[in-house]
Amino acid sequence: MTGLVSVDPMVLLPVLAPVIGAFALLLLDVLLPRLRWVHSAIALLALAVGTAATVPGLAQQPGDSRSTLCLPGGGGQCLYQAGAVAAGLQLAALVTAFVTVLLAWPEHRRTERGHEAVVVSLLLAATGGATAIAAAHDLGSWLVALELATLPTVALVALRRGRRAVDGAMALLTTSLTSFAVLAMAAGCWYAASGSPFLDASAALAAAQDPARRAVLVLAVVLVVGGIGFKLSLAPFHAWTPEAYVGAPVSIATFLAATSKVAALAALLVFLHAVTALGAPALTAIAIVAGLSMTVGNVMALRQDDVIRLLAWSTVAQAGWVVLPLAAVSSLAVRAAGGYLLAYLVATVLAFAVVAALGHVGGLGHLRELRAYRGLLRRHPLMGAALGLALLSLAGLPPGVLGLVAKVVALRPVVAGQLWVLAVVAAVNAVIGVAVYLRWLRVVLQRPDPDPAVVGAPLAAWRDWHPAHLVAVVLAFVTLVVTSLAPQLVFGLVS
Amino acid sequence: MILLALTLAVPAVAGTALILGDRAPVAARPLTAQLVALVASVVTLVLTVWDVVQQPVVDQPWVPTLGLRWHFAVDGISAPLVLLTAGLGVAVVAHARRHLPTGGTPGTFYGCLLLVELGALGTFLTRDAVLFFIAFETVLIPMWILINRFGDPRDAAARSDAAGRFLLYTVLGSTLMLIGILALVNAAGTADLDRLAASGGAGLSPTTQAIVAAILLVGLGIKVPLWPVHTWLPPAHTIAPTGGSVLLAAVLLKMGTYGIVRLVAAPLPHGLGVLAPYLGGAAVIGIIWGGLACLVERDLKWLVAYSSVAHMGFVVLGIASGTDTGLQAALFANIAHGVVSALLFFVVGGLKERWGSADLGVARAALREVSPRMGLSLVIGFAAALGLPGLVTFWGEWLAMYAAWSPAADRPVGLFHAYAVVAVIGTALAAGYALRVLRVVWAGDRLEPAVPDVSGVERWVVGVLTLTVAALGVWPRAVLDSTAPVVAEIVHRAGVSTPADLGSLPPISGLPAREVPRSAGDSRDPRGGAAS
């Protein structure tokens, strides 16, 4: 088969499984339009298969990678290259998408026929994009996968209808288009500077020798930071975030806060991996957006009374923490960013899952308000404990040890690079972050309000919860407890 | 090995079980909860005594990608602190029998006490710098709950404010500390506290040493607390329930000074040398500040809290002096303040519960007349606070002033002389406020309204602490002999690793940090430092 691109379906399976799942679903919906829950089940199956397929990638030695779609000829360049970090991110994307499908399950009940198939297949398509981008090794795949991960989310937000949803979708669409334009510019700059379509360290190194080409390359990096900044909701590119989260159903907000963030960080890492040879000046841009995001996100989150908005702004702040280590130039930094992202995902997904589950039982309208969570620990011990641990982990305080160790991980490269000012900015933000999550936690720990009209159902029985929600909450809760006891399970994924 | 693991596992498991158990539909009864907590704390105390005797070591990888290890051991510095923590752990649990604070379920209260004990034990036992940070953070949420839920029942807003202030200040301090720890670990290539101490800051240029030491001192100074970042302390100590106040003053503050010894004095002798004048200055301002505040304070619990600021000032002054006497003084004053503040908070907390407030302006029956046993403990506690010879505080504070009078060679002698003089004035202020309290509360002949004297468990707790105050005052070598070898090692190492010409540097002028790199070229090789 010389002369053609080689394809190894087993290596590609983390990408293929969700994409094939999406097609199968649409086909099924055409053939048997009356089916309901089968769509979600198929999606879960596809995501589980994809998750299993990342395992061989996780077991790799550092430096190794599983490659396919290799071009013929002596160069041996491959379009798909998944190292251990990429495999870890793929796993994260697939598992968070799995939880999203579980959270979305009960939402279909109230919609017309065909809705479920569309929602679930869009979720699968976006997940396919996210897993593809982690392993993308050339500009074409990189751009296409990034858009595949983004555009379905616009539709997912808009599908809910209503004014808020349209506002959110518009904000998301505008942002996506702008960011795509910026990233296309960045890709152009990269190609102009390096002359290579592959995102390869050697190409960047060659380009960096020549001052003129080096300048173009630095421009490419700055554009990438900006373009990805939109997707990762880094300040000052964050404005769409609260609108889209509030406009979307909770499950889709979870997807935006989790799987989409994996895609965005993966895209950034793929690019940065190639340009670490460039050295410090380009990465000052990252230090600035990291510090700014944390501060803006935390300060705004401190003022929110709507929990979805609070979580949205907290995402902005956490995105700052995710890219914080990247301000220092080292391979340690890439692993640290990946590690922090994973720890953030576990806690955020759990918080969203609890909000979704409570919203399903008590009516989302008033469960968006902070005071509706009063006495949650006493009224629903499982939900209260899960939410409490998630908030503590986001704040980085024991018993949320996972979040605390993640802070250590994120700060380590910054301190090693002796970026003292940035480190102190991060320390101050750690404090504001604690204030943000404690505001919510304090309400959760309070005594329940004696007036049942304020708090909704006094004590939901087990059968009131939707089983899919319960599974999602328990899955995320157990993951957070286990990984808090043994953080290596998380940080080992991206070592 | 299993011994150390159990020492930490017992309070961890019992504390978590108590808190989770209370989330069950039927909450545990107060007696059951207290019994579980009491058994757990007594077992922990027995285990710690055993640890101190046997000196076992646990060293297991925990997060290999970070090089983070479960590494615990006891040495001369940590042994007295570990015993103090475990002993007070039993005391606070037993004492709560007299008056269980309202605001939450009993299981949560006892569980939080045990978890605070766990965090403190972990902090003192760990030999891994990053794990030290994690253990340091473990106490925060339980203590926050203790203050926020179980504190002074009269004022919810004040509780929430005091608890939040405690938490946010401490998180800022510990995150800054983390930055310093990571810088140390990164330079030395190890997180092992002993090897960090042995490296003596090798791999860090003197400028960087000074920066790292400054970050660590600000971070740990918040916990100590050092003037001017002490403002979280009085409300937290005052609002907290008695058990919480005792643990805060007697155990949690010690984590700060212990951290300064382990993370600044031992691994960064040069950085500490550069910053010592400022550190000493903050310490003596704290001594005077605390003393003056106590002279005019109307709330008795608030007064005892402020006196902690003054006493911790002596501890820091001892560390700043840079001599082995100073370090010994600091470690002894640390323990002394732990015992005395525990005693005072038990007595004053008991009085506040009986009186309904701790306002000194209200005329009450003289303790000497109506409750002599409690009166005696109060007298001994405040006599210790004013540094009466023969009681425990005397040795630490007197030695700290002596050390400030004759500081290490590289410290500015004139300035430290001035500090010693100011500290002496501070002890005079202490005498002033101690006698003021005793005159108002203890002396006199009013008999109304009478308060019941200490009885039952409270009597035992207060009695044992009173005896300890006197016993350690008579026989300070019990602690000093324990800490001496480690202190000698730290100071000796500092002397060896400090470049010989360091003493000739201008003491406080802005220049020293810039001037030293050339002369300290030998200390830049990380491998050489780590191997020695």
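Protein sequences appear in the order of chains A and B.
Per our numbering, residue 1 is the first one in the first sequence, and the count goes up by one each step.
Per our numbering, residue 496 is the first one in the second sequence, and the count goes up by one each step.
Every residue gets a Cβ at the ideal spot worked out from N, C-alpha and C, and that includes glycine.
| Check | Outcome |
| --- | --- |
| CB contact below 8 Å: residue 993/B versus chain A | Confidence is the limiting factor: at residue 993/B the pLDDT is only 40, short of 50, which leaves the residue's position unreliable and the question unanswerable from this model. |
| Alpha carbon of residue 728/B to alpha carbon of residue 742/B, nearest angstrom | 13 Å |
| Beta carbon of residue 804/B nearer than 8 Å to that of residue 781/B | yes |
| Own chain, CB closer than 8 Å to residue 412/A, minus 5 neighbours either side, in chain order | 325, 332, 336 |
| 6 Å CB neighbourhood of residue 54/A in its chain, flanking five on each side removed | 14, 87, 90, 91 |
| Chain B contact for residue 438/A (CB, 8 Å cutoff) | yes |
| Neighbour list for residue 810/B in chain A, Cβ cutoff strictly below 9 Å | Chain A residues near residue 810/B: none, gap ~24 Å exceeds 9 Å. |
| Coil, strand or helix - residue 556/B by DSSP | strand |
| Start-to-end residues for the beta strand (DSSP E) that takes in residue 83/A | 78-83 |
| Cβ-Cβ distance between residue 886/B and residue 776/B below 8 Å | no |
| Contacts around residue 5/A, its chain only, beta-carbon distance under 8 Å, and the 5 residues preceding and following it disregarded | 69, 70, 71, 72, 79 |
| Identity of the residue in 182/A, 184/A, 208/A, 320/A nearest residue 194/A by Cα | 208/A |
| Identified DSSP bridge partners for residue 65/A | 83/A |
| Sufficient close CB pairs (3 or more, under 8 Å) joining the region 499-506 of chain B to the region 605-618 of chain B | yes |
| Pair within 8 Å by beta-carbon distance, residue 849/B and residue 946/B | yes |
| 6 Å CB neighbourhood of residue 268/A in its chain, flanking five on each side removed | 228 |
| Secondary structure of residue 237/A, DSSP reduced to three states | coil |
| Local Cβ density within 10 Å of residue 18/A, reported as buried at 16 or more and exposed below that | buried |
| Between the CA atoms of residue 916/B and residue 997/B - distance to the nearest angstrom | Any reading at residue 997/B is ruled out, since the residue's pLDDT is 34, under 50, leaving its predicted position unreliable. |
| Helix, strand or coil at residue 722/B [DSSP, three-state] | coil |
| Contact with chain A by residue 919/B, beta-carbon distance below 8 Å | no |
| Neighbourhood of residue 874/B by C-beta distance below 8 Å, restricted to the same chain and skipping five residues each side | 933, 937 |
| Which listed residue (375/A, 283/A, 233/A, 437/A) has its alpha carbon closest to that of residue 304/A | 437/A |
| Length of the line joining the Cα atoms of residue 27/A and residue 108/A | 19 Å |
| Member of 330/A, 320/A, 421/A whose CA lies at the smallest distance from the CA of residue 503/A | In the structure as shown, chain A begins at 1 and stops at 495. Residue 503/A is therefore absent and cannot be evaluated. |
| Short Cβ contact (8 Å threshold) for residue 266/A with residue 133/A | yes |
| Rounded straight-line distance, which links the Cα of residue 442/A to that of residue 655/B | 9 Å |
| Which listed residue (536/B, 958/B, 928/B, 595/B) has its alpha carbon closest to that of residue 737/B | 595/B |
| C-beta neighbour in chain B for residue 293/A, strict 8 Å | no |
| Secondary structure of residue 360/A, DSSP reduced to three states | helix |
| Assigned exposure category for residue 173/A - 16 Cβ within 10 Å defines buried | buried |
| Under 9 Å (Cβ pairs) to chain B, residues found in the region 237-252 of chain A | none |
| Contact list for the region 619-638 of chain B against chain A, Cβ threshold 8 Å | 625, 628, 629, 632, 633, 635, 636 |
| Among 638/B, 549/B, 759/B, the one whose alpha carbon lies nearest that of residue 691/B | 759/B |
| Beta strand (DSSP E) segment containing residue 564/B, residue limits | 563-568 |
| Minimum Cβ-Cβ distance from residue 381/A to chain B less than 8 Å | yes |
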